[in-house]
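Q: Before I ask anything, here is the structure I am working with.
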Amino acid sequence: MAGLEDLYREIILDHYRTPRNRGELEAPAVSAEGHNPLCGDEIRIFIDVKDGLVSDVRFNGSGCSISQSSASMMTTAVKGKPVDQVRAIVKRFKQMMTLDEDENSTIDESINLGDLEALQGVVKFPVRIKCATLGWNTLLDALAETGK
Amino acid sequence: MAGLEDLYREIILDHYRTPRNRGELEAPAVSAEGHNPLCGDEIRIFIDVKDGLVSDVRFNGSGCSISQSSASMMTTAVKGKPVDQVRAIVKRFKQMMTLDEDENSTIDESINLGDLEALQGVVKFPVRIKCATLGWNTLLDALAETGK
Amino acid sequence: MTFDVAAIRKDFPVLHRLVNDKPLVYLDSANTSQKPQVVIDALANFMKHGYAPINRSAYQLAAEATDAFEATRSALATFINAPKANEVVFTKNATEALNLVIMSWGRANLKAGDAVLLTHMEHHANIVPWHMLVAERGIQLRWVPLTSDGQLDLTDLDSLLKDVKVFSFTSMSNVLGTINPVQRLCAAAHNAGAIAIVDACQSVPHQPTDVQAWGADFAVFSSHKMCGPSGVGVLWGRESLLEAMPPFLGGGNMIADVRLDGFTTAEVPAKFEAGTPAIAEIVALNSAVKYLTNLGMHNVRQHEIELSTYVLNTLNSRFGDDITIHGPTNPELRGATFSFAFRGIHPHDLSQVLDQTNVCVRAGHHCAKPLMRILGANATVRASFYLYNTTQEVDALADALDSASDIF
Amino acid sequence: MTFDVAAIRKDFPVLHRLVNDKPLVYLDSANTSQKPQVVIDALANFMKHGYAPINRSAYQLAAEATDAFEATRSALATFINAPKANEVVFTKNATEALNLVIMSWGRANLKAGDAVLLTHMEHHANIVPWHMLVAERGIQLRWVPLTSDGQLDLTDLDSLLKDVKVFSFTSMSNVLGTINPVQRLCAAAHNAGAIAIVDACQSVPHQPTDVQAWGADFAVFSSHKMCGPSGVGVLWGRESLLEAMPPFLGGGNMIADVRLDGFTTAEVPAKFEAGTPAIAEIVALNSAVKYLTNLGMHNVRQHEIELSTYVLNTLNSRFGDDITIHGPTNPELRGATFSFAFRGIHPHDLSQVLDQTNVCVRAGHHCAKPLMRILGANATVRASFYLYNTTQEVDALADALDSASDIF
Ligand SMILES: Cc1ncc(COP(=O)(O)O)c(C=O)c1O
Ligand SMILES: Cc1ncc(COP(=O)(O)O)c(C=O)c1O
Numbered sequence: 001m002a003g004l005e006d007l008y009r010e011i012i013l014d015h016y017r018t019p020r021n022r023g024e025l026e027a028p029a030v031s032a033e034g035h036n037p038l039c040g041d042e043i044r045i046f047i048d049v050k051d052g053l054v055s056d057v058r059f060n061g062s063g064c065s066i067s068q069s070s071a072s073m074m075t076t077a078v079k080g081k082p083v084d085q086v087r088a089i090v091k092r093f094k095q096m097m098t099l100d101e102d103e104n105s106t107i108d109e110s111i112n113l114g115d116l117e118a119l120q121g122v123v124k125f126p127v128r129i130k131c132a133t134l135g136w137n138t139l140l141d142a143l144a145e146t147g148k
Numbered sequence: 001m002a003g004l005e006d007l008y009r010e011i012i013l014d015h016y017r018t019p020r021n022r023g024e025l026e027a028p029a030v031s032a033e034g035h036n037p038l039c040g041d042e043i044r045i046f047i048d049v050k051d052g053l054v055s056d057v058r059f060n061g062s063g064c065s066i067s068q069s070s071a072s073m074m075t076t077a078v079k080g081k082p083v084d085q086v087r088a089i090v091k092r093f094k095q096m097m098t099l100d101e102d103e104n105s106t107i108d109e110s111i112n113l114g115d116l117e118a119l120q121g122v123v124k125f126p127v128r129i130k131c132a133t134l135g136w137n138t139l140l141d142a143l144a145e146t147g148k
Numbered sequence: 001m002t003f004d005v006a007a008i009r010k011d012f013p014v015l016h017r018l019v020n021d022k023p024l025v026y027l028d029s030a031n032t033s034q035k036p037q038v039v040i041d042a043l044a045n046f047m048k049h050g051y052a053p054i055n056r057s058a059y060q061l062a063a064e065a066t067d068a069f070e071a072t073r074s075a076l077a078t079f080i081n082a083p084k085a086n087e088v089v090f091t092k093n094a095t096e097a098l099n100l101v102i103m104s105w106g107r108a109n110l111k112a113g114d115a116v117l118l119t120h121m122e123h124h125a126n127i128v129p130w131h132m133l134v135a136e137r138g139i140q141l142r143w144v145p146l147t148s149d150g151q152l153d154l155t156d157l158d159s160l161l162k163d164v165k166v167f168s169f170t171s172m173s174n175v176l177g178t179i180n181p182v183q184r185l186c187a188a189a190h191n192a193g194a195i196a197i198v199d200a201c202q203s204v205p206h207q208p209t210d211v212q213a214w215g216a217d218f219a220v221f222s223s224h225k226m227c228g229p230s231g232v233g234v235l236w237g238r239e240s241l242l243e244a245m246p247p248f249l250g251g252g253n254m255i256a257d258v259r260l261d262g263f264t265t266a267e268v269p270a271k272f273e274a275g276t277p278a279i280a281e282i283v284a285l286n287s288a289v290k291y292l293t294n295l296g297m298h299n300v301r302q303h304e305i306e307l308s309t310y311v312l313n314t315l316n317s318r319f320g321d322d323i324t325i326h327g328p329t330n331p332e333l334r335g336a337t338f339s340f341a342f343r344g345i346h347p348h349d350l351s352q353v354l355d356q357t358n359v360c361v362r363a364g365h366h367c368a369k370p371l372m373r374i375l376g377a378n379a380t381v382r383a384s385f386y387l388y389n390t391t392q393e394v395d396a397l398a399d400a401l402d403s404a405s406d407i408f
Numbered sequence: 001m002t003f004d005v006a007a008i009r010k011d012f013p014v015l016h017r018l019v020n021d022k023p024l025v026y027l028d029s030a031n032t033s034q035k036p037q038v039v040i041d042a043l044a045n046f047m048k049h050g051y052a053p054i055n056r057s058a059y060q061l062a063a064e065a066t067d068a069f070e071a072t073r074s075a076l077a078t079f080i081n082a083p084k085a086n087e088v089v090f091t092k093n094a095t096e097a098l099n100l101v102i103m104s105w106g107r108a109n110l111k112a113g114d115a116v117l118l119t120h121m122e123h124h125a126n127i128v129p130w131h132m133l134v135a136e137r138g139i140q141l142r143w144v145p146l147t148s149d150g151q152l153d154l155t156d157l158d159s160l161l162k163d164v165k166v167f168s169f170t171s172m173s174n175v176l177g178t179i180n181p182v183q184r185l186c187a188a189a190h191n192a193g194a195i196a197i198v199d200a201c202q203s204v205p206h207q208p209t210d211v212q213a214w215g216a217d218f219a220v221f222s223s224h225k226m227c228g229p230s231g232v233g234v235l236w237g238r239e240s241l242l243e244a245m246p247p248f249l250g251g252g253n254m255i256a257d258v259r260l261d262g263f264t265t266a267e268v269p270a271k272f273e274a275g276t277p278a279i280a281e282i283v284a285l286n287s288a289v290k291y292l293t294n295l296g297m298h299n300v301r302q303h304e305i306e307l308s309t310y311v312l313n314t315l316n317s318r319f320g321d322d323i324t325i326h327g328p329t330n331p332e333l334r335g336a337t338f339s340f341a342f343r344g345i346h347p348h349d350l351s352q353v354l355d356q357t358n359v360c361v362r363a364g365h366h367c368a369k370p371l372m373r374i375l376g377a378n379a380t381v382r383a384s385f386y387l388y389n390t391t392q393e394v395d396a397l398a399d400a401l402d403s404a405s406d407i408f
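Protein chains in written order, with my numbering: chain A, 1 to 148; chain B, 1 to 148; chain C, 1 to 408; chain D, 1 to 408.
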């Protein structure tokens with residue numbers, strides 16, 4: 001539909017219809033829960049961190065196409081990566097989601113977001129940015145749990 | 001000054017400059033206090049009721065020309081009168097001070113307000129009606145005290 | 001008089017705004033209503049020629065402003081058939097009005113263990129302040145459940161009301177559209193020795209209101225949902241109850257006297273109106289009340305019944321099992337507010353697609369998360385209709401729904 | 001740029017209104033200010049073309065309204081030099097803002113016996129909520145006294161501050177015009193381990209504000225005194241303090257989740273903004289902030305110093321001992337708000353006479369009864385000047401005062 005192509009790219013709808021890494025992980029994996037009070041979306045991210053690597057990651061919950069596909073794409077982007085690199089990807093992704101770039105932070109061009117670039121179109125729909133970042137912020141919370 | 005003749009009649013200014021029955025009464029007289037939160041005016045009414053007669057009445061406090069003269073004129077109007085008649089005068093006066101007549105109450109034409117009629121002009125200045133009625137409402141409170 | 005929607009639409013400038021060359025189809029009036037030109041003019045004219053403080057100054061400009069301000073209080077009293085104008089208290093919104101009653105009456109009258117009855121279809125404004133009082137006072141909350149078609153299940157009402165001190169409920173659900181039997185509920189509350197608080201936000205703008213016929217003790221509603229300016233809420237309460245309540249916010253206007261060691265309160269309603277109120281907005285609200293009164297609230301209600309009938313027929317016949325409309329199926333038992341689920345499309349996505357053809361609906365939990373959980377949803381799409389909506393706009397909604405299926 | 005009052009006056013429609021064929025001399029801006037055409041237009045235009053709910057709906061009209069609404073929050077943060085926009089909380093007026101801090105921060109942090117320091121020149125809004133907390137919590141209040149020319153007597157400040165948890169004071173007296181040394185008072189509070197709450201109602205509209213330079217913890221002010229619409233107040237608070245505070249009003253928008261058995265709160269500022277806010281008024285307030293910013297708050301202050309100088313010279317030279325002007329005699333130490341006693345004429349009578357020539361002044365206790373008692377008066381007449389007032393209007397005031405002597 002005219003005007004919405006930027007939002008509902010095919011790859012996004014694909015991750016929405018066929019989510020990757022959907023499910024849960026048992027302890028010692030940790031988890032965190034995120035809410036979008038605006039629309040009631042809920043997400044839970046499970047991660048297993050071993051030897052500084054995010055060895056496994058899963059998500060569940062319910063929400064709109066943007067929040068679900070973004071979470072699904074996020075899991076494929078971070079799975080198996082070192083924690084440091086995961087943090088860098090999260091940072092890069094959140095930069096992409098910001099309308100006004102934070103002048104003080106430089107963009108790490110070495111990080112290639114790959115398929116995630118498809119979510120760039122969300123920036124034109126400011127109300128949906130929170131949907132796209134929900135899984136990512138929850139991932140940060142889960143990472144914080146591993147430090148405890 | 002043009003426009004204010006109705007408010008500041010000569011008799012009103014006379015009672016303001018030379019208040020009648022100003023002062024206090026000792027027990028067994030009773031008293032009540034009234035405030036006009038709008039302008040900070042304060043008034044205290046003392047009455048001595050004997051054998052169903054308001055045998056003596058005094059007022060003190062401070063306030064504008066309208067509140068003070070109205071209280072002064074009130075004391076001269078009720079002093080020595082039977083309580084029933086005093087209540088009737090209060091009622092008649094408050095009727096005069098009302099912009100919209102209460103349809104259900106009939107006006108007792110037998111009560112002649114005399115000099116008090118001068119205060120009729122206050123009705124054109126709605127903010128000042130509370131000044132004019134302050135002493136009268138406080139008199140009702142004082143009468144209620146005698147019943148206790 | 002017939003209800004001439006085409007003429008009414010002319011009164012609302014925003015309905016003529018084109019967004020991306022298409023007219024606006026505003027179906028979010030349960031959230032907040034649009035404003036007729038007369039209200040906008042009343043507000044602008046007062047600000048241009050009559051703006052002044054109220055209550056505290058004696059000059060003519062201020063006296064006129066005070067009269068205009070108090071005229072709204074009287075007009076509202078007439079509009080809801082309150083016995084006295086001074087029973088009408090101005091707040092900033094219905095939420096503040098509910099907090100005022102719950103905190104002021106509640107703190108003075110409720111102690112640990114006391115029970116309060118609510119319903120499963122309440123708005124957060126009639127839940128969260130009670131939770132705050134639970135935390136502060138240890139009161140307990142009970143809930144009237146719902147039937148499968150979204151009405152209050154009153155089977156056990158009498159036992160639920162046993163030993164209850166307050167029954168606080170909505171006159172119409174902002175999610176389901178259900179119109180509750182307010183009069184019956186107030187009577188049941190009183191029989192049980194409880195007071196009745198009516199959250200009348202969703203009914204006052206849409207049908208005639210008579211707080212005396214209801215037999216309510218308190219009622220709250222908002223200006224912004226009834227064609228009036230934003231920033232104004234209304235609390236109506238029985239004079240004797242208001243008089244016995246402690247103040248809520250402290251400050252100017254609500255006092256009789258202030259000393260270094262304490263204060264005494266003014267009479268109602270001033271006692272509950274601390275600080276400078278929304279002067280211009282309250283003055284302009286009178287124009288909204290007049291506007292609604294001139295249309296006739298019975299006519300507004302009739303129009304919405306007709307719209308509701310058309311909505312139910314159109315959506316059900318066009319979409320059959322693909323659509324689940326919550327709430328009563330009988331238009332006489334509901335307002336023109338429809339929450340629905342459609343072809344498994346997430347409400348947020350659905351509303352985004354509808355917006356492409358300027359169909360403005362709300363997607364979310366509608367400030368009723370407990371009800372959402374009962375409906376088994378995180379969110380719904382809600383289309384809510386008002387006096388300016390037409391059957392063509394119902395068709396526009398249906399067409400837009402159809403196009404959503406192309407994407408998902 | 002010189003400050004062109006004649007041009008500014010053209011922006012304020014009400015100043016061209018003739019009452020009884022005479023122009024209005026509006027000298028009551030400390031009570032509430034008049035509104036420039038740009039603010040009225042912003043309000044009307046938004047209501048005509050852009051009105052929509054904020055925060056909760058996803059369609060374009062609502063997204064635009066939300067952006068316009070949040071733009072005001074950012075503009076206000078810049079206007080008072082707040083570190084972050086989300087430290088700006090919208091309330092209905094400054095009174096609610098004070099109640100919010102006092103009740104929310106106070107209930108969480110003050111216990112029986114804790115001391116709070118106020119001053120003898122506070123407005124009821126910064127006294128009554130504390131009295132309510134005295135009754136509820138058993139805290140104790142202390143007071144900074146005044147010097148004979150109406151300044152804070154800071155001789156014993158350090159001992160007054162001993163063991164004090166909060167120092168809450170006005171940046172400028174609404175009766176005396178006295179400008180207080182806010183920065184010094186905040187530093188003294190912090191030295192003593194107390195937080196500092198600044199009632200900035202009378203200074204924000206009249207001079208540059210920098211809450212960071214002040215070193216304050218909270219500040220409150222009202223839209224209606226700074227050329228903005230009525231119905232909006234502002235609370236600024238340090239983010240860390242706001243985050244640690246419990247909510248004040250409960251309802252929609254201030255929650256993260258609500259269940260039948262409890263709720264969790266949203267982030268600041270939403271946590272303190274329950275219910276539908278004054279959407280259109282807050283959007284229009286941005287135009288007032290722009291209007292003031294374009295004039296330049298330094299210029300506004302300079303204009304008012306010049307007016308104050310003229311007021312003091314004119315009234316003292318024309319009336320000598322017949323007039324007693326309260327507050328500082330040095331225009332650098334005061335705002336252009338003058339309370340005075342004149343020839344023993346009762347303030348209410350005096351303001352009535354002034355009104356005959358359309359000179360609008362307030363007579364009363366100005367919501368500062370404790371201060372009135374210290375001045376030994378039930379009431380004063382107060383003439384308060386703003387950016388649109390002229391020296392000719394000072395002359396009009398003096399002429400009107402002269403004519404009052406004819407009557408009394
Ligand atoms: C049923 C109901 N109660 C309370 C409210 C709260 O009203 P407001 O946001 O005007 O405070 C609303 C509207 O949001 C409502 O629909
Ligand atoms: C110093 C001061 N504080 C507080 C207030 C209260 O402001 P508002 O009436 O807007 O709540 C006022 C104005 O009335 C004031 O002058």
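Backbone N, C-alpha and C define an ideal beta-carbon position, used for all residues, glycine too. Just so you know, these numbers come straight off a predicted model, no measurement behind them.
Can you find the residues in the same chain that come closer than 6 angstroms, C-beta to C-beta, to Ser287(D), ignoring five residues on each side of it along the sequence?
A: Val38, Val39 and Ala42
Q: State buried or exposed for Lys162(C), treating a residue as buried only when at least 16 other CB atoms are found within 10 Å of its CB.
A: Looking at its Cβ environment, which holds fewer than 16 other Cβ atoms inside 10 Å, Lys162(C) is exposed.
Q: Confirm, please, whether the CB-CB distance from Val204(C) to Arg382(C) is below 8 angstroms.
A: no
Q: To which residues does DSSP link Gln140(D) through a beta bridge?
A: Ala115(D)
Q: In chain C, which residues lie with their C-beta within 8 angstroms of the C-beta of Leu4(A)?
A: Neighbours of Leu4(A) on chain C, chain order: Gln352, Val353, Gln356 and Ile407.
Q: If you scan the stretch 256-320 of chain C from start to end, which runs of the alpha helix (DSSP H) of 4 or more residues do you find wholly inside it?
A: 279-295 and 297-319
Q: With burial defined as no fewer than 16 other Cβ atoms inside 10 Å of the residue's Cβ, what is the status of Gly23(B): buried or exposed?
A: Exposed: under 16 other Cβ atoms inside 10 Å.
Q: Return yes when at least one heavy atom of ligand 1 lies under 7 angstroms from the C-beta of Ser222(C), else no.
A: yes
Q: Using a Cβ cut-off of 8 angstroms, pull out every chain A residue sitting near Asn416(D), in sequence order please.
A: Since the first residue of chain D shown is 1 and the last is 408, residue 416(D) is not available in this structure.
Q: Measuring only from the beta carbon, is Gly275(D) closer than 7 angstroms to any heavy atom that is part of ligand 1?
A: Distances between the C-beta of Gly275(D) and the heavy atoms of ligand 1 include at least one below 7 angstroms.
Q: Flag Ala288(C) as yes if its beta-carbon sits less than 8 angstroms from any beta-carbon of chain D, otherwise no.
A: no
Q: Step through the CB atoms of chain D and report whether any lies within less than 8 angstroms of the CB of Leu235(C).
A: no
Q: Cβ of Gln202(D) within 7 angstroms of any heavy atom in ligand 2?
A: For Gln202(D), the distance from the CB to the nearest heavy atom of ligand 2 is below 7 angstroms.
Q: Below 8 angstroms CB to CB, which residues in the same chain sit around Asp100(B) once its five sequence neighbours on both sides are set aside?
A: Note that Asp100(B) scores 47 on pLDDT, short of 50, meaning its location in the model is unreliable and no value can be drawn from it.
Q: Could you tell me whether any non-hydrogen atom of ligand 1 is closer than 7 angstroms to the CB of Cys367(C)?
A: yes
Q: Compare the C-beta of Ile255(C) with all C-beta atoms of chain B and state if any pair is closer than 8 angstroms.
A: yes
Q: Cβ of Asp100(B) less than 8 angstroms from any chain D Cβ?
A: Per-residue confidence for Asp100(B) stands at a pLDDT of 47, beneath the threshold of 50, marking its modelled position as unreliable; no derived number is given.
Q: Could you tell me if Thr119(C) is buried or exposed, where buried requires 16 or more neighbouring beta carbons within 10 angstroms of its beta carbon?
A: buried
Q: Within 8 angstroms of any Cβ in chain C, is that where the Cβ of Pro370(D) sits?
A: yes
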